[in-house]
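Participant: Got a structure for you, written out below as structure tokens; questions coming shortly.
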């Protein structure tokens, strides 16, 4: 919710010191972070020795459906034989699996999408600053605008919706009390004009909340 990255290398060292396994759920990083879209593990140059269990979703950057667990052959066999949620869940339809494989190939081969996304994030942060919008420190496509109270976040959300922008208000218990926020999520499909218009609309929405 803060658009930040977990200190995975430090967590891996701690897990190794205590003979534990580290599990990383990289729902938002896969496809987006890393030179080839390998997520936080690629970003930090970590392998399966440091992170024995990787969880990922196919419904975000991959634009498909479902999720996966990656790990050793022994781990996967254990899950197949013992994991009740797996045992009683039907397999993904073949077209969904094929779409996911095609998306994975695009993620690997079309790095320009990540480059464009990074450029849009930089442009958004510059424009937001120019319009007086205070953002949390995030270099990822998730750009939180901290507003404090649920009422302020909801008011800003309604103002943006009226202007044609869908930006969700995130409130407790999803975030701690006093840290309600708008959660801006950028994608490579957005244009620079859209990003700049959103920053301007955010400036207006935030000013309205401050003056309320």
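Residue numbers (my numbering): 9 to 220.
Every residue, glycine too, gets a C-beta built ideally from N, C-alpha and C.
Nothing here was measured: the structure is a model prediction, and the numbers come from that model.
For residue 178, count neighbouring C-beta atoms within 10 Å of its own C-beta (all shown protein chains included) and say buried if the count is 16 or more, exposed if not.
Facilitator: Burial call: buried.
Participant: Could you tell me the distance, in whole angstroms, from the CA atom of residue 139 to the CA atom of residue 213?
Facilitator: Distance between the alpha carbons of residue 139 and residue 213: 11 Å.
Participant: Would you call residue 57 buried or exposed, if buried means 16 or more other Cβ atoms sit within 10 Å of its Cβ?
Facilitator: Looking at its Cβ environment, which holds fewer than 16 other Cβ atoms inside 10 Å, residue 57 is exposed.
Participant: For residue 200, I'd like the list of residues in its chain whose CB is within less than 8 Å of its CB, leaving aside the five on either flank, ordered along the chain.
Facilitator: 128, 131, listed in sequence order.
Participant: For residue 44, which three-state DSSP category applies?
Facilitator: Of the three classes helix, strand and coil, the one that applies to residue 44 here is coil, per DSSP.
Participant: Pick out whichever of 187, 18, 39, 196 has its Cα sitting closest to the Cα of residue 59.
Facilitator: The shortest Cα separation from residue 59 among 187, 18, 39, 196 belongs to 18.
Participant: According to DSSP, simplified to helix, strand and coil, what is residue 187?
Facilitator: Reduced to three states, the DSSP call for residue 187 is coil.
Participant: Whole angstroms is fine: what's the gap from residue 145's alpha carbon to residue 91's?
Facilitator: Residue 145 and residue 91: Cα-Cα distance of roughly 38 Å.
Participant: I need the straight-line Cα distance from residue 148 to residue 126, nearest angstrom please.
Facilitator: Each residue's alpha carbon lies about 8 Å from the other.
Participant: What is the DSSP secondary structure of residue 59, reduced to helix, strand or coil?
Facilitator: Looking at residue 59 - three-state DSSP - the assignment turns out to be coil, as it is neither helix nor strand.
Participant: How about residue 34 and residue 66: are their beta carbons less than 9 Å apart?
Facilitator: No.
Participant: The ligand ADP and residue 146: does any heavy atom of the ligand fall closer than 8 Å to the residue's C-beta?
Facilitator: As for the ligand ADP, it is missing from this structure, which has no ligand bound.
Participant: Check whether the Cβ atoms of residue 207 and residue 141 sit closer than 9 Å, and answer yes or no.
Facilitator: Yes, the Cβ-Cβ distance between residue 207 and residue 141 is below 9 Å.
Participant: Candidates 40, 166, 77: which alpha carbon is nearest residue 111's?
Facilitator: Nearest of 40, 166, 77 to residue 111, Cα basis: 40.
Participant: Counting only the same chain and skipping the five closest in sequence on each side, list residues whose C-beta sits under 7 Å from that of residue 29.
Facilitator: For residue 29, where only same-chain residues beyond five positions count, the Cβ hits under 7 Å are 23, 60, 61.
Participant: Is residue 175 helix, strand or coil by DSSP?
Facilitator: Of the three classes helix, strand and coil, the one that applies to residue 175 here is coil, per DSSP.
Participant: Roughly how many angstroms lie between the CA atoms of residue 210 and residue 181, to the nearest whole one?
Facilitator: Between residue 210 and residue 181, the C-alpha separation is close to 24 Å.
Participant: Consult DSSP for residue 64 and reduce its assignment to one of helix, strand or coil.
Facilitator: Three-state result, residue 64: strand.
Participant: Is it buried or exposed, residue 26, if we count other Cβ atoms within 10 angstroms and call 16 or more buried?
Facilitator: So residue 26 counts as exposed.
Participant: Can you tell which of 95, 14, 217 has its C-alpha closest to the C-alpha of residue 158?
Facilitator: It is 217.
Participant: I think residue 51 touches residue 150, with their Cβ atoms under 8 Å apart; what is that distance to the nearest whole Å?
Facilitator: No, residue 51 and residue 150 are not in contact; Cβ-Cβ is about 15 Å, not under 8 Å.
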